Structures are given as structure tokens and as C-alpha cells.
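Visitor: The structure that follows is given in the form of C-alpha cells.
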Amino acid sequence: MSVVSALGHGGGTGTAAPPPSRRARGGAYLLLAPGLLYLGLFFVVPVFALLMTSLYVPVPGGDVGQFQPAFEWQNYVRSLETYWPQLVRSFSYAAIATILAFCIGYPMAYTIAVRARGRPFLQAMLLVLVIAPFFTSFILRTIAWKQILADEGFVVAALRAFSVLPPDGRLTATSVAVIAGLTYNFLPFMTLPIYANLERLDPRLIEAGADLYANGPTTFWRVTLPMSMPGVVSGTLLTFIPASGDFVNSVLLGNNSTTMIGQVIDSRFFKVSDYPTAASLSFVLMMAILVLVAAYIRRAGTEELL
Amino acid sequence: MSADVHVDAGRAEPSRGRVAGPDERRGGGADLVLDRVTKEFGAYTAVDDLSLTIPAGSFFALLGPSGCGKTTTLRMVAGLEAPTRGRVLLGGEDVTGTRAHQRPVNTVFQSYALFPHLTVLENVAFGLRRKRVANAEDRARDALELVEMGHMADRRPSQMSGGQQQRVALARAVVNNPAVLLLDEPLGALDLKLRRQMQTELKRIQLEVGQTFVHVTHDQEEAMTMADTVAVMNHGRIEQMGAPEELYELPRTAFVANFLGQSNLLAGQVQESTGEVLGVDVGGRRLWVPKDRAVTTSGAVLVGARPEKLHIFFADEGVPDDSNVVGPGRVTDVAFTGVSTQYQVEVPGLGTIGVFAQNVFGGRAIRAGDEVMLGWAVRHTFGLDGSEDASAGSEVEDEEA
Numbered sequence: 001m002s003v004v005s006a007l008g009h010g011g012g013t014g015t016a017a018p019p020p021s022r023r024a025r026g027g028a029y030l031l032l033a034p035g036l037l038y039l040g041l042f043f044v045v046p047v048f049a050l051l052m053t054s055l056y057v058p059v060p061g062g063d064v065g066q067f068q069p070a071f072e073w074q075n076y077v078r079s080l081e082t083y084w085p086q087l088v089r090s091f092s093y094a095a096i097a098t099i100l101a102f103c104i105g106y107p108m109a110y111t112i113a114v115r116a117r118g119r120p121f122l123q124a125m126l127l128v129l130v131i132a133p134f135f136t137s138f139i140l141r142t143i144a145w146k147q148i149l150a151d152e153g154f155v156v157a158a159l160r161a162f163s164v165l166p167p168d169g170r171l172t173a174t175s176v177a178v179i180a181g182l183t184y185n186f187l188p189f190m191t192l193p194i195y196a197n198l199e200r201l202d203p204r205l206i207e208a209g210a211d212l213y214a215n216g217p218t219t220f221w222r223v224t225l226p227m228s229m230p231g232v233v234s235g236t237l238l239t240f241i242p243a244s245g246d247f248v249n250s251v252l253l254g255n256n257s258t259t260m261i262g263q264v265i266d267s268r269f270f271k272v273s274d275y276p277t278a279a280s281l282s283f284v285l286m287m288a289i290l291v292l293v294a295a296y297i298r299r300a301g302t303e304e305l306l
Numbered sequence: 307m308s309a310d311v312h313v314d315a316g317r318a319e320p321s322r323g324r325v326a327g328p329d330e331r332r333g334g335g336a337d338l339v340l341d342r343v344t345k346e347f348g349a350y351t352a353v354d355d356l357s358l359t360i361p362a363g364s365f366f367a368l369l370g371p372s373g374c375g376k377t378t379t380l381r382m383v384a385g386l387e388a389p390t391r392g393r394v395l396l397g398g399e400d401v402t403g404t405r406a407h408q409r410p411v412n413t414v415f416q417s418y419a420l421f422p423h424l425t426v427l428e429n430v431a432f433g434l435r436r437k438r439v440a441n442a443e444d445r446a447r448d449a450l451e452l453v454e455m456g457h458m459a460d461r462r463p464s465q466m467s468g469g470q471q472q473r474v475a476l477a478r479a480v481v482n483n484p485a486v487l488l489l490d491e492p493l494g495a496l497d498l499k500l501r502r503q504m505q506t507e508l509k510r511i512q513l514e515v516g517q518t519f520v521h522v523t524h525d526q527e528e529a530m531t532m533a534d535t536v537a538v539m540n541h542g543r544i545e546q547m548g549a550p551e552e553l554y555e556l557p558r559t560a561f562v563a564n565f566l567g568q569s570n571l572l573a574g575q576v577q578e579s580t581g582e583v584l585g586v587d588v589g590g591r592r593l594w595v596p597k598d599r600a601v602t603t604s605g606a607v608l609v610g611a612r613p614e615k616l617h618i619f620f621a622d623e624g625v626p627d628d629s630n631v632v633g634p635g636r637v638t639d640v641a642f643t644g645v646s647t648q649y650q651v652e653v654p655g656l657g658t659i660g661v662f663a664q665n666v667f668g669g670r671a672i673r674a675g676d677e678v679m680l681g682w683a684v685r686h687t688f689g690l691d692g693s694e695d696a697s698a699g700s701e702v703e704d705e706e707a
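Dropping the structure here:
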């Protein structure tokens, strides 16, 4: 979480370490070199290429997919004008999925870390259950959801029986299915950071809460939850960021009215070879996520805890 | 830790805060009664049928080695542990079945357990806010002044030293004016000098707020310095309870004799009982023990004397009347510590006897290898049950350190 740690440093007022010697600093740079090289080659260069591509114009009289370098910033205006609904939808779906994943993941993490504390075997088994889905491919799991939510499946049958769904109601090819898929697929990314945080929570702080007249719910609200905020922030970011760019769930579980921005970028790149539009949308997505995340971290105010 | 964050930083401030109102201040505490309390963890009995009454307003110390059940006792009073059997009463009211947050009891935890996500002020105000006390913030500030941490109110616990955190933890408990304030080895993590300073400080604060303090410690000096009453615990039971001087001068068990300071314990048999003293045969010598200082008046006994009560003399020197004398023995070790000199004297048939001598008198120098006699006043002698292990409690402090 480079964004988190970078912001975390800004707000810190803690101990200032003495400046390292020149030699120690040289050593540190040497250790950073492979990482920096990797990031330079596979992140900075491609992002720059993407930025350039987003400003290209079609070759006059050229074939489909033929573009030439230019500084056509109108590409951005056109992309946004055409695809803003998909962009907004992506962030809405991602936000709802993140909230749902939090509501499901926090109790899971709390159960494993706090309730099962002192029973290492039980903890290990529950953790395996959280991680086990990763043993199967992401695509396969999403296809499995297609089966679960199918019109003739038991979920739809049950919902129809209880009149939650109308007799001809369905779940596949709806936004409900897409959000359910997103929630499910990114749930471990929410659960594990929260678990890691709660696992480190000193049980004596809970006792101190009880000692200072706070009952169970109050201690949770005043001590446990605020103390686990760094885990919550990490978990929400790890869920929200990939979920907003995701297109697999929308493709497999949605329909034409649930199209997410990832799907648009995918089809612009690979189906119609409209590289500048795809590149500009990618760039907009990246910037939007950066702004949202920065605002969120600022608002969460957990700099000192990170 | 930057330079301005220092424990002594707050000492310049003379102002003392008002924690409780003048009416609440005295008698803010209540009698704490433990009635035949037992705590079992599986097959292990941590606290064994313990009964105890701690009067309101007193400074009470539970002293014992680790694993003696003192912390478990404390946790049962706090409500963090439920007794297997027995009752806990606060001010006459049975609170055995109530939860920790329902009890008017606050704890200063060994690790301080300050909330890292809250400022010092909010830490101290935490209990008041839960009780919805009016002007919680003002009272929290007063409590911080009381422990001389007023200037730290806006800091986070992580930005403070151990000693400062300790004071904040104390303020966080004191501010609630609890019926009983529990201290779980609160000075254990501090260095020696700071610990001494905090001992005096704790005593001052206790007198100032007039609350009942129950202090758990394995440090006998700490217990004796601060507490009005000390209970020595061993294996989940109270060995002996009383004022520090009383425990020290007249231990009733070998464990107390050895755990609280040091003792020379000599095994013997009671041979005669005349008037107010017992005549005890110890390795062929006759030693005298006052009857009112003996646990038993017949059979096997341990004759005890504290090392500083003993004096060393040469065979050609006289001893006062009413003295118990053993020897001759050979000096095996001489350790000069400044204010006193510690001698180890090997007496054939009795083993090694320790002597602390104040460095006030001149006289003949005593060196290792010298043949000497040992004497002490009969009124300083105490008698213990001879079936006890004479070394009980003497090794514990080494394990602890």
C-alpha cells in the first residue's frame, strides 16, 4: 500500500530518527534499485505510453486501428461525454460491493481474530476457509456464481417462493448479480487486512475498556473499531480499487445495462481498436481512483495509526 | 523520544488538581471483602479459599512471587475473572455476579493498557464519559494535574515514556473516584530510580485522594514502603498479613521470613519451657525463644533471627546478658556494601549464617577465615513450626529477577 504509507508519513509527528549517514543512504538506494528499475520499466514507461496514446488521432484515410502521434485532448472530452454513465456505474458498484464486503468481512475477521483467540487450530482452519477460494481461478468462481444465480437455480427458486422476486424475476444479467459477484470475489481482500489488524489488538485494551465502565458494544465502538481502522482502510482500498476496474463480473453476470468501465476499455482496445479512447478512459479511471482514495484516506484520518 | 519529553518535565509545576469534591474525597472508598474465594483454572488452583477484608481508605499490598495467585485475586476484584467459589463484597454489597463494567472499581494495568488511538486527555476522560459525568474534561485535566501530566494532555500515549504512561494510567483510574483502585505491578516496567520516585508519588496521591488502593507486587521493598497492610501470598493462600514492621519483625512462617527480607533459620527441638521463654536445643547448644514470638511451644521448631540483629564477636570478648550465642564459626565471606558489611559465617553443625553489620563501630577488623562467635538478643528471636522447609521463599526472588 504505497499510497497509504506515503500519506501516513506526512501526518506523523512522532520520533524523528537521526539522519542516516551517507554510506547507509547509498546502501538503501542500492537495495531499492531492483524495485525502482522494475517500477520504471513496467509502470512509469507504460503509463507514459498510455498517456501519449490517449492523445493520438486517426491517420487520415488510414485503416481501422491506425493512429498517429498528436496532442488531441478532445479525445478526453469525447470519451467522457460518451462513457460517463459506465464510469459512474463502475464506482457505484464498487462502492456498494466494498460496503457489503465490509459488512460481511468485518464480522468474519472479528470472529477469527478475537473470538477464536487462543485456539490456533480453529483460527488456522477458518483462515483457510477465507483463502481457499483462491485455489480456484477467478473466472471459474465467477462462472460458478452464474450457476448459483441461474433462473432454474435454488436461489432464484427460493426467492420466488418467498415472493422476494416476482414469479418471472431473475438474478443473472442484473446489477444485483454483478454486485454480488464483486462482493464475493473481493471479500478476502477485505477480510484479511482487518483480520491481521484485529489479531494484533491487545486484549488488555478490551479489559481496560470494561474496567472503565464500557459494556461490550461500547468497548467495541470506542476501542476495537477505531483501533482496527488501519485494517479497515487497507481492506476497503484493496476491495474498492480493483472492483472499480473489474469487468469479468459484469461480463459474466451482467447485461448491456450493467456495463462497467473496464468492459468499455476492454472492447475499445481489443474489439474496435479505438486505442486513444481506451487509453483516455484508462487514464481517467486511474486519476479518479487516485483522487477518491486520497480523499478517503484524508477523511478516515488514520494517518497516525498507519 | 525527543529531549523535552522527560519524566521530570512535569515536576516544576506546583499546581495540584482537584479530582474528587471535598465531600467525596474522604471515604470515597469502601470496604472490600473477599469471602472464601477460590479460583481454579482446570486442575490448577490459582487462589485457594482466600478470605480478606480491606478497610476503606487503606493502602493494601498483596505481595508474593509470580504464580502465587495475587494477580488472579486482583482480577476477580476487578470483575475480569469470575471466582470458581466464594464471594466478593464491596461496601457490604455482593458484586460477585456483576461484570467488570458494572463495578465501581478501576485498575492500573501492568502494561498500562492506555488506548493508543486516543489522546492522553481522552484516555483519562474515558471512564467519566461512559458514566456520563458532567464536565468530564475538566475533571480529567484535574486528574492529569494530580499526577503532574497536565502539560501532556494532547499527546498520544505512544509519544510518552514508560514513567509518563504510568502516571496517565494512574490518573485514568483515580479520576473515577472508584470504591477500590487496583494496581497490578504498576511499577514493574520502570527502572529502579524511577520506581523509587513513583513509590513516594503513589503514596502521596493515595493520601491525597483518600481512595482504597490495592497494590499487587512481587517486590517486598515496594510493598513495605507504600502499604499500611501487607498480605504475603504463596500458592494461592495468604501466609501472613499485617503492618510491614510486624511482618518483618515477627514472621510466622518460613516463607514470610525468607521472602520478606532475609532470615537465619536454625532447626531445633524444644527442651524446656520456663516462664516466658522456650529453651531450644539447636545442634547441642541452648537457644532461647520468647513464648509470645513462637508459633509452637513444643516439638520441632525453627529458631529465627534477622541478619542485622546478629553481631559478631571474638571468643575473648563478652556478650550482653539475654543473648543467644552460637559458635565458634569461621568467616567465609565478607562483602562491604558501604553502609553495612555482610558476613557469611560457617558454623559447624548449623550451616551458613548471615550477618549484616552497620559500619559505625571501630574495633577489630574481621576478615575471611577468622574464627568468631555470633550473638543476638533473645527478644529478637522468633520461633517457627519445625516441620516447615527452612529455605521456603528464599530462592523465589532470584527467579523473579
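Chains as they are written, first to last, in this note's numbering: chain F, 1 to 306; chain B, 307 to 707.
Don't be surprised by glycine CBs; every beta carbon is placed ideally from N, CA and C.
Here the structure is a predicted model, which is why all the values come from computation and not from measurement.
Within this structure, are the beta carbons of G181 (chain F) and T142 (chain F) separated by less than 8 Å?
Guide: Within the first sequence, numbered from 1, the residue matching residue 181 (chain F) stands at position 181. Within the first sequence, numbered from 1, the residue matching residue 142 (chain F) stands at position 142. For G181 (chain F) and T142 (chain F), yes; Cβs fall inside 8 Å.
Visitor: Among B:L566, B:L508, B:T603, which one has its Cα closest to the Cα of V583 (chain B)?
Guide: Numbered from its first residue, the second sequence carries residue 583 (chain B) at position 277. Looking at the Cα atoms, B:T603 is the closest of the given residues.
Visitor: Against chain F, with Cβ distances strictly below 8 Å, would A533 (chain B) count as a contact?
Guide: Locating residue 533 (chain B) in the second sequence gives position 227, where the first residue counts as 1. So no, A533 (chain B) is outside the interface.
Visitor: Checking 8 Å against the spacing of the C-beta atoms, do R304 (chain B) and E443 (chain B) come in under that value?
Guide: It is not possible to answer for residue 304 (chain B), since the shown part of chain B is limited to 307 through 707.
Visitor: At a Cβ cut of 8 Å, what residues of the region 259 to 291 of chain F count as close to chain B, listed as they run along the chain?
Guide: Cβ contacts with chain B: none found.
Visitor: Give, in chain order, every unbroken run of the alpha helix (DSSP H) that is at least 4 residues long and sits entirely within the region 536 to 561 of chain B.
Guide: If we require 4 residues or more, the alpha helix (DSSP H) runs fully inside the region 536 to 561 of chain B come out as 550 to 555.
Visitor: Between the region 185 to 201 of chain F and the region 153 to 169 of chain F, do three or more beta carbon pairs fall short of 8 Å?
Guide: In short, these stretches do not touch, since the Cβ pair count stays below three.
Visitor: In its own chain, which residues sit with a C-beta less than 8 Å from the C-beta of G692 (chain B), not counting the 5 before and 5 after it?
Guide: To locate residue 692 (chain B), count along the second sequence from 1; it is residue 386. So the qualifying residues of the chain are A573, G574, Q575, T602, G605, A606, V607, L608.
Visitor: Give me the DSSP bridge partner(s) of A663 (chain B).
Guide: As a working mapping, residue 663 (chain B) is identified with position 357 in the second sequence. Answer is B:T647.
Visitor: With a cut-off of 8 Å on the beta carbons, I'd call Y56 (chain F) and P46 (chain F) a contact; round off their distance for me.
Guide: As a position in the first sequence, residue 56 (chain F) is number 56, starting the count at 1. As a position in the first sequence, residue 46 (chain F) is number 46, starting the count at 1. About 15 Å; that fails the 8 Å criterion.
Visitor: Check D695 (chain B) in the structure and name its three-state DSSP category.
Guide: Here residue 695 (chain B) refers to the residue found at position 389 of the second sequence. In the structure shown, D695 (chain B) sits in coil (DSSP, three-state: anything other than H, G, I, E or B).
Visitor: Applying the criterion that 16 or more other CB atoms from any shown protein chain within 10 Å of the CB defines a buried residue, is I139 (chain F) buried or exposed?
Guide: As a working mapping, residue 139 (chain F) is identified with position 139 in the first sequence. Counting Cβ neighbours within 10 Å, I139 (chain F) comes out exposed, since fewer than 16 surround it.
Visitor: Could you check the C-alpha separation between H521 (chain B) and V588 (chain B) for me, to the nearest Å?
Guide: For the purposes of this step, residue 521 (chain B) is taken as residue 215 along the second sequence, with counting starting at 1. For the purposes of this step, residue 588 (chain B) is taken as residue 282 along the second sequence, with counting starting at 1. Roughly 39 Å separates the two Cα atoms.
Visitor: Please confirm whether V223 (chain F) has its beta-carbon closer than 8 Å to some beta-carbon of chain B.
Guide: In the first sequence, the residue the question calls residue 223 (chain F) occupies position 223. Yes, because at least one Cβ of chain B sits closer than 8 Å to the Cβ of V223 (chain F).
Visitor: Would you please state the rounded distance, in angstroms, between the beta carbons of T658 (chain B) and Q650 (chain B)? I believe it to be under 8 Å.
Guide: Locating residue 658 (chain B) in the second sequence gives position 352, counting from the first residue. Locating residue 650 (chain B) in the second sequence gives position 344, counting from the first residue. T658 (chain B) to Q650 (chain B), Cβ: 5 Å. Contact.
Visitor: Identify, in the order they occur along the chain, each residue of the same chain with its Cβ nearer than 6 Å to the Cβ of P410 (chain B), setting aside the five sequence neighbours on each side.
Guide: Taking the first residue of the second sequence as position 1, residue 410 (chain B) is located at position 104. Within the same chain, P410 (chain B) has close Cβ partners P484, A485.
Visitor: For the pair the region 233 to 244 of chain F and the region 97 to 116 of chain F, tell me if three or more CB-CB distances fall below 8 Å.
Guide: Counting Cβ pairs under 8 Å, three or more are found: they touch.
Visitor: DSSP on W73 (chain F), reduced to helix/strand/coil?
Guide: Counting from 1 along the first sequence, the entry for residue 73 (chain F) is found at position 73. The answer is coil: DSSP assigns W73 (chain F) none of H, G, I, E or B.
Visitor: Are there three or more Cβ pairs, one per stretch, closer than 8 Å when the region 671 to 687 of chain B is compared with the region 615 to 627 of chain B?
Guide: Judged by Cβ distances under 8 Å, the region 671 to 687 of chain B makes contact with the region 615 to 627 of chain B, as three or more pairs qualify.
Visitor: Look at the alpha carbon of F333 (chain F) and the alpha carbon of F347 (chain B), and state the distance between them as a whole number of angstroms.
Guide: There is simply no residue 333 (chain F) to check, as chain F begins at 1 and stops at 306 in what is shown.
Visitor: Shortest alpha-carbon distance to N185 (chain F) belongs to which of F:L253, F:L80, F:E152, F:A150?
Guide: In the first sequence, counting from the first residue as 1, residue 185 (chain F) sits at position 185. Checking every option, the nearest Cα to that of N185 (chain F) belongs to F:L253.
Visitor: State the start and end residues of the unbroken beta strand (DSSP E) segment that holds D355 (chain B).
Guide: Residue numbering aside, residue 355 (chain B) sits at position 49 when the second sequence is read from its first letter. Note, D355 (chain B): beta strand (DSSP E), 350 to 360.
Visitor: Going along the chain, which residues of the region 446 to 461 of chain B sit with their C-beta nearer than 8 Å to a C-beta in chain F?
Guide: Within the region 446 to 461 of chain B, no residue has a Cβ that lies closer than 8 Å to any Cβ of chain F.
Visitor: Roughly how many angstroms lie between the CA atoms of C374 (chain B) and F519 (chain B), to the nearest whole one?
Guide: Reading the second sequence from its first residue, position 68 is the one you call residue 374 (chain B). Reading the second sequence from its first residue, position 213 is the one you call residue 519 (chain B). Distance between the alpha carbons of C374 (chain B) and F519 (chain B) is about 20 Å.
Visitor: Which of the three DSSP states is assigned to S228 (chain F) in this structure?
Guide: Indexing the first sequence from 1 puts residue 228 (chain F) at position 228. Correct three-state label for S228 (chain F): coil.
Visitor: Just list the alpha helix (DSSP H) runs in the region 415 to 456 of chain B, keeping only unbroken ones of 4 residues or longer that don't cross its boundaries, in chain order.
Guide: As far as the region 415 to 456 of chain B is concerned, its whole alpha helix (DSSP H) runs of at least 4 residues are 426 to 436, 442 to 452.
Visitor: The beta strand (DSSP E) spanning E199 (chain F) covers which residue range?
Guide: For the purposes of this step, residue 199 (chain F) is taken as residue 199 along the first sequence, with counting starting at 1. It is not in any beta strand (DSSP E) - E199 (chain F) instead sits in the alpha helix (DSSP H) that spans 175 to 200.
Visitor: Our contact map puts D337 (chain B) next to T359 (chain B) with C-beta atoms below 8 Å; I'd like the distance itself, whole angstroms only.
Guide: On the second sequence, position 31 is the one that residue 337 (chain B) refers to. On the second sequence, position 53 is the one that residue 359 (chain B) refers to. At roughly 7 Å, the Cβ-Cβ gap stays under 8 Å, so D337 (chain B) and T359 (chain B) are in contact.
Visitor: Does I265 (chain F) pass the burial test, meaning 16 or more other C-beta atoms within 10 Å, or should it be called exposed?
Guide: As a working note, residue 265 (chain F) is residue 265 in the first sequence. Buried, because 16 or more other Cβ atoms sit within 10 Å of the Cβ of I265 (chain F).
Visitor: Below 8 Å on the Cβ atoms is my contact criterion, and I expect F565 (chain B) with V586 (chain B) to pass it. Report the Cβ-Cβ distance as a whole number of Å.
Guide: On the second sequence, residue 565 (chain B) is found 259 positions in, with the first residue counted as 1. On the second sequence, residue 586 (chain B) is found 280 positions in, with the first residue counted as 1. In fact, because the Cβ distance is near 23 Å, the residues do not count as touching under 8 Å.
Visitor: Spatial neighbours of R342 (chain B) within its chain, please: CB distance less than 8 Å, with the 5 preceding and 5 following residues excluded, ordered by chain position.
Guide: Numbered from its first residue, the second sequence carries residue 342 (chain B) at position 36. Result list for R342 (chain B): D355, L356, S357, R391, G392, R393, in chain order.
Visitor: Leaving out five residues before and five after T239 (chain F) in sequence, what residues of the same chain have Cβ atoms less than 6 Å from its Cβ?
Guide: By 1-based counting over the first sequence, the position of residue 239 (chain F) is 239. T98, A101, F186, F189, M190, listed in sequence order.
Visitor: Just tell me which of B:G385, B:G397, B:Q664, B:M530 has its CA closest to the CA of F366 (chain B).
Guide: Indexing the second sequence from 1 puts residue 366 (chain B) at position 60. It is B:M530.
Visitor: Nearest to L51 (chain F) by CA position, among F:A33, F:A278, F:Y29, is which residue?
Guide: Position 51 of the first sequence, counted from the start, is the residue given in the question as residue 51 (chain F). Ranking F:A33, F:A278, F:Y29 by Cα distance to L51 (chain F) puts F:A278 first.
Visitor: Along the chain, where does the alpha helix (DSSP H) that runs through N483 (chain B) open and close?
Guide: In the second sequence, the residue the question calls residue 483 (chain B) occupies position 177. Note, N483 (chain B): premise wrong, no alpha helix (DSSP H); not H, not E.
Visitor: Just the C-alpha distance for Y418 (chain B) and D448 (chain B), rounded to the nearest angstrom, thanks.
Guide: In the second sequence, the residue the question calls residue 418 (chain B) occupies position 112. In the second sequence, the residue the question calls residue 448 (chain B) occupies position 142. The alpha-carbon atoms of Y418 (chain B) and D448 (chain B) are separated by roughly 20 Å.
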